[in-house]
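With the sequence shown counted from 1, adding 14 to any position gets you the working numbering. Below is one structure, written out as structure tokens; the observations come after it.
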Amino acid sequence: MTFQTQTALRAGRCCLAAMVFFGICLCAQDTIMTKKEGQELPYVLTAALRTATPPEIDGRLDDACWREAAVAADFVLLGGRGYATAKTEARVLWDADNLYIGMRCLDANPALLKKTADKRDGLVCADDCVEIFLTPPNNSVLARFPASSRYFHLAVNAAGVRLDEIGSESPTTWNPRWTVRTSVHGDRWEAELSIPWAELKS
15 MTFQTQTALR AGRCCLAAMV FFGICLCAQD TIMTKKEGQE LPYVLTAALR TATPPEIDGR
75 LDDACWREAA VAADFVLLGG RGYATAKTEA RVLWDADNLY IGMRCLDANP ALLKKTADKR
135 DGLVCADDCV EIFLTPPNNS VLARFPASSR YFHLAVNAAG VRLDEIGSES PTTWNPRWTV
195 RTSVHGDRWE AELSIPWAEL KS
């Protein structure tokens, strides 16, 4: 699983992007997978905690289950050019029906968040947004696509406008039923996503 958060520079220049690769372990207990001392990994391993009580998808990470979830926060700039200056946190939960992802994106000037895209599958990724790439192994849906496109791509901007596609295919070819809400605060914006397992299988 890959998370990517993107923040537009305020002077209209290129966008900075923070990316981190996560190996997600679906765990029944609150455990975090970490590398052994001296071991170099090309990604960060973190645990997705199974939750008995799913979060309310309202765009706010204030549910008790989120407080129990492992936090991944060491996002880096694209190309490994150091850590992002604006901290981003990711949390992952799951139950029998859904995968839940919570994102907290700190921002010193949330009033300046870029939220231009206003329709599904529009130019969401050009805004301040969160992008998520899912690559479940042995997936029958992805197997029908070229090797370079075997991943699910979900994105949502700070206004809650979403994009979903498989690989580099047209966004209109895959329209799963998933729920996302966002909220903007004085020093950050947050996103909550609920992705049914069934949408990743059919």
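Each residue gets a CB set at the ideal place from its N, CA and C atoms; glycine is no exception.
Check	Outcome
Starting from Trp-80, follow the alpha helix (DSSP H) in both directions and report where the run begins and ends.	78-82
Just the C-alpha distance for Thr-45 and Leu-63, rounded to the nearest angstrom, thanks.	Because the pLDDT at Thr-45 is just 38, under 50, the model does not fix this residue reliably, and the point stays unresolved.
Have a look at Asp-201 and Pro-124 and give me their C-alpha separation to the nearest angstrom.	6 angstroms
On a CA-only basis, which of Ala-161, Leu-120, Ala-131 and Pro-190 is nearest Asn-112? Give me that one, please.	Pro-190
DSSP three-state label for Ala-205, please.	strand
By Cβ distance below 8 angstroms, which residues in the same chain neighbour Glu-183 in space, the five residues on each side in sequence not counted?	Phe-159 and Ser-163
Where do the N-terminal and C-terminal ends of the beta strand (DSSP E) with Leu-120 fall, by residue?	112-120
Quick one: Cα of Gly-174 to Cα of Thr-130, how far?	11 angstroms
Strictly by DSSP, which residues pair up with Asp-13?	Since the displayed the chain opens at 15 and closes at 216, residue 13 lies outside it and no answer follows.
Please state if the CB of Leu-107 and the CB of Pro-150 are separated by a distance shorter than 8 angstroms.	no
For Thr-186, which residues of its own chain have a beta-carbon under 8 angstroms away from its beta-carbon, when the five flanking residues on both sides are left out?	Asp-135
Return the first residue and the last residue of the beta strand (DSSP E) that Thr-102 is part of.	102-108
Could you give the residue range of the beta strand (DSSP E) that holds Arg-195?	193-198
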